[in-house]
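Visitor:
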Ligand SMILES: Nc1ncnc2c1ncn2[C@@H]1O[C@H](COP(=O)(O)OP(=O)(O)OP(=O)(O)O)[C@@H](O)[C@H]1O
Ligand SMILES: O=C(O)C[C@@H](O)[C@H](O)C(=O)CO
């Protein structure tokens, strides 16, 4: 049981809107990117990764977004379809915009960086006309993620989706997903993030992401509870603050503070922790699990994904997460 109310009579469990792009992960790892020679291409983009995570767990999943009118766009749409994700709201852009690329640098298990190529990125072409009320109404939950707020027309499309979700009792999750590349300034980011967060039921972010979002209204605050309380005064019912391998804490509007489980592993790379955590956490909540149990599922999924070379391709099934947690606990007992 948790404090969210999901409409049970909906054909889809979950829809995400926003970034869908390519991750190019070096095959020669534990060295600077200058020294990597070959790369494996994977589907990437935080909300797309979360949609893949949900589908791997067995959730009926859809996606709203735009892909390039070329081989990369076809690959991404086809990949989603191959995972059983409904692609009826994945549109092919005709303006010549290109797929956003994320080159990952895996210098060591803990020193990882991203170089993003996002000039004229096609994922920011998602437009209000792509957001259909009937589609939003067909899902129990909608996920928005911060980067889609960085520029028009994507910004307006996300706000339209938010308003339609609220009108139709579709529970809204906000993954702050702060990527500086696409924004003009930190102040601009904080303002649009806050306007979106006010409308959301569940907000998920790292401590640093909340610091960014609250840089105008809660400047200097490092207290997780003060952070959470601010959003309960709007529409939030659960606020999750992530602290990397130290784990996470969730606050509920009813006053609980839940420390999330963490299953420390030596990762291959740090990428994908947040997306896999979010996917399994949301899956748990939609399926009636408590916030604490959902956090445990999220942490198990994240431990598996950081131990793998990719994000999207490594998203685990429910059985795989349960098996991982069981064997992890056996190992340390
Ligand atoms: N080294 C690790 N070992 C095991 N679990 C981890 C590790 N790092 C992160 N996690 C798990 O993943 C969750 C989310 O991680 P984190 O706080 O780093 O998110 P994030 O910064 O959004 O991730 P990302 O690097 O994908 O952007 C943590 O709460 C934890 O459960
Ligand atoms: O979100 C992105 O655009 C990049 C991701 O796909 C990347 O793999 C990552 O950082 C996941 O957290």
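Residue numbers (full-length UniProt numbering): 1 to 333.
Using N, Cα and C, we set each Cβ at its ideal position, and we do this for glycine too.
1. Along the alpha helix (DSSP H) that carries residue 148, what are the first and last residues, could you check?
2. Does the structure place the segment 21-31 close enough to the segment 50-64 that three or more beta carbon pairs sit under 8 Å?
3. Could you say which of 100, 168 and 259 lies nearest to residue 356 if we only look at CA atoms?
4. With which residues is residue 102 paired in a DSSP beta bridge?
5. Based on the DSSP output, what are the partners of residue 277 in its beta bridges?
6. Could you tell me if the beta carbon of residue 301 falls within a distance shorter than 6 Å of some heavy atom in ligand 2?
7. From the DSSP output, read off the bridge partner residues of residue 41.
8. Taking the C-alpha atoms as reference points, what is the distance between residue 3 and residue 237?
9. Excluding the five sequence neighbours on either side, which residues of its own chain have a C-beta within less than 8 Å of the C-beta of residue 63, listed in chain order?
10. So, are the CB atoms of residue 242 and residue 189 less than 7 Å apart?
11. Figure out for me which residue from 194, 161 and 104 has the closest Cα to the Cα of residue 112.
12. The beta strand (DSSP E) that contains residue 225, what's its start and end?
13. Hey, residue 180 and residue 107 are a contact pair by Cβ (cut 8 Å); roughly how many whole angstroms apart?
14. Would the beta-carbon of residue 282 fall within 7 Å of that of residue 173?
15. Rounded to whole angstroms, what's the CA-CA distance from residue 334 to residue 130? Just pull it up for me.
16. With a threshold of 6 Å on Cβ separation, who are the neighbours of residue 234 within its own chain once the five nearest residues in sequence on each side are excluded?
17. Residue 251 by DSSP, collapsed to three states: which one?
18. Give every residue of the same chain whose Cβ lies closer than 7 Å to the Cβ of residue 270, excluding the five residues on either side of it in the sequence, and list them in chain order.
19. Between residue 73 and residue 92, what straight-line distance do the alpha-carbon atoms span, to the nearest angstrom?
20. Residue 250: which of 218, 291 and 231 sits nearest, CA to CA?
21. Taking the CB atoms as reference points, tell me whether residue 97 and residue 122 lie closer together than 7 Å.
22. Starting from residue 86, follow its DSSP beta bridges and name the residues at the other end.
23. Determine, using beta carbons only, whether residue 203 and residue 278 come nearer to each other than 7 Å.
24. Sort out for me which residues DSSP pairs residue 171 with in a bridge.
25. Going by DSSP in three states, residue 18 sits in which element: helix, strand or coil?
26. In whole angstroms, what is the alpha-carbon distance linking residue 78 and residue 284?
27. Please name the residue, chosen from 184, 170 and 254, that lies closest to residue 228 on a Cα-to-Cα basis.
28. Restricting to Cα atoms, I'd like to know which of 265, 140, 186 and 145 is closest to residue 165.
29. Helix, strand or coil, according to DSSP, for residue 205 in the structure here?
30. Give me, in chain order, the residues of the same chain whose beta-carbon lies closer than 8 Å to that of residue 157; leave out the 5 immediate sequence neighbours on both sides.
31. Could you check if residue 267 is buried or exposed, using at least 16 other CB atoms within 10 Å of its CB as the buried criterion?
32. Does the beta-carbon distance from residue 145 to residue 177 come in below 7 Å?
33. Taking DSSP as the reference, what is the three-state secondary structure of residue 93?
34. Would you report the Cα separation of residue 41 and residue 6, rounded to the nearest angstrom?
35. According to DSSP, is residue 331 part of a helix, a strand, or is it coil?
36. For the beta strand (DSSP E) holding residue 241, just list the boundary residues, first then last.
Guide: Walking through what the data contain:
1. As a working mapping, residue 148 is identified with position 148 in the chain shown. Premise fails: residue 148 is in no alpha helix (DSSP H) and is neither H nor E.
2. Three or more beta-carbon pairs separated by less than 8 Å are not found between the segment 50-64 and the segment 21-31, which leaves the two stretches without contact.
3. A question about residue 356 goes unanswered here, because the residues of the chain that appear run from 1 up to 333.
4. For the purposes of this step, residue 102 is taken as the residue at position 102 of the chain shown. In the DSSP output, where bridge partners are listed per residue, residue 102 has 23 and 116.
5. As a first step, residue 277 is located in the chain shown; it is residue number 277 there, counting from the start. Residue pairing by DSSP places residue 277 opposite no residue, since no beta bridge is assigned to it.
6. Stepping through the chain shown from its first residue, residue 301 is reached at position 301. Ligand 2 has no heavy atom closer than 6 Å to the beta-carbon of residue 301.
7. Within the chain shown, numbered from 1, the residue matching residue 41 stands at position 41. According to DSSP, residue 41 bridges with 24.
8. Mapped onto the chain shown, residue 3 falls at position 3. Mapped onto the chain shown, residue 237 falls at position 237. As the crow flies, the alpha-carbon of residue 3 is around 7 Å from that of residue 237.
9. Numbered from its first residue, the chain shown carries residue 63 at position 63. The residues are 15, 16, 17, 20, 47, 48, 51, 80, 85, 86, 87, 89 and 90.
10. As a first step, residue 242 is located in the chain shown; it is residue number 242 there, counting from the start. As a first step, residue 189 is located in the chain shown; it is residue number 189 there, counting from the start. Not closer than 7 Å, so no.
11. For the purposes of this step, residue 112 is taken as the residue at position 112 of the chain shown. It is 104 whose Cα lies nearest to the Cα of residue 112.
12. Numbered from its first residue, the chain shown carries residue 225 at position 225. Counting along the chain, residue 225 falls outside any beta strand (DSSP E), though it belongs to the alpha helix (DSSP H) covering 224-232.
13. For the purposes of this step, residue 180 is taken as residue 180 along the chain shown, with counting starting at 1. For the purposes of this step, residue 107 is taken as residue 107 along the chain shown, with counting starting at 1. In fact, because the Cβ distance is near 20 Å, the residues do not count as touching under 8 Å.
14. Mapped onto the chain shown, residue 282 falls at position 282. Mapped onto the chain shown, residue 173 falls at position 173. Yes, the pair counts as a contact, with Cβ atoms nearer than the cut-off.
15. Because the chain is modelled from 1 through 333, residue 334 falls outside the range shown and cannot be assessed.
16. Here residue 234 is taken as the residue at index 234 of the chain shown, counted from 1. The beta carbon of residue 234 is closer than 6 Å to those of 198 in its chain, skipping five residues each way along the sequence.
17. Position 251 of the chain shown holds residue 251. Residue state, collapsed to three classes: strand.
18. Along the chain shown, read from residue 1 onward, the residue named residue 270 stands at position 270. Cβ within range, chain order: 110, 112 and 306.
19. Counted from its first residue, the chain shown places residue 73 at position 73. Counted from its first residue, the chain shown places residue 92 at position 92. The C-alpha of residue 73 lies about 7 Å from the C-alpha of residue 92.
20. Taking the first residue of the chain shown as 1, we reach residue 250 at position 250. Ranking 218, 291 and 231 by Cα distance to residue 250 puts 291 first.
21. Residue numbering aside, residue 97 sits at position 97 when the chain shown is read from its first letter. Residue numbering aside, residue 122 sits at position 122 when the chain shown is read from its first letter. A contact, by the Cβ cut-off of 7 Å.
22. Numbered from its first residue, the chain shown carries residue 86 at position 86. The beta-bridge partner set that DSSP reports for residue 86 consists of 62.
23. Indexing the chain shown from 1 puts residue 203 at position 203. Indexing the chain shown from 1 puts residue 278 at position 278. Going by C-beta atoms, residue 203 is not nearer than 7 Å to residue 278.
24. On the chain shown, residue 171 is found 171 positions in, with the first residue counted as 1. Residue 171 is bridged to 141.
25. On the chain shown, residue 18 is found 18 positions in, with the first residue counted as 1. In this structure, DSSP gives residue 18 a state outside helix and strand, which the three-state scheme calls coil.
26. Within the chain shown, residue 78 is the residue found at index 78, counting from 1. Within the chain shown, residue 284 is the residue found at index 284, counting from 1. Rounded to the nearest angstrom, the gap between the Cα atoms of residue 78 and residue 284 is 27 Å.
27. Taking the chain shown and counting its residues from 1, the one referred to as residue 228 is at position 228. Nearest C-alpha to residue 228: 254.
28. Locating residue 165 in the chain shown gives position 165, counting from the first residue. Ranked by Cα distance from residue 165, the first of 265, 140, 186 and 145 is 140.
29. Here residue 205 refers to the residue found at position 205 when the chain shown is read from its first residue. Strand.
30. Mapped onto the chain shown, residue 157 falls at position 157. Taken in chain order, the residues that qualify are 17, 64, 126, 127, 128, 130, 131 and 148.
31. Residue numbering aside, residue 267 sits at position 267 when the chain shown is read from its first letter. When all chains shown are included, residue 267 counts as buried.
32. Translated into the one-based positions of the chain shown, residue 145 becomes position 145. Translated into the one-based positions of the chain shown, residue 177 becomes position 177. In this structure, residue 145 sits near residue 177, with a CB-CB distance shorter than 7 Å.
33. In the chain shown, residue 93 corresponds to position 93, counting from 1. Residue 93 falls in the coil class under three-state DSSP.
34. To locate residue 41, count along the chain shown from 1; it is residue 41. To locate residue 6, count along the chain shown from 1; it is residue 6. Residue 41 and residue 6 have their C-alpha atoms spaced approximately 36 Å apart.
35. Reading the chain shown from its first residue, position 331 is the one you call residue 331. In the displayed model, residue 331 falls within a helix according to three-state DSSP.
36. Along the chain shown, read from residue 1 onward, the residue named residue 241 stands at position 241. Its beta strand (DSSP E) spans residues 238-242.
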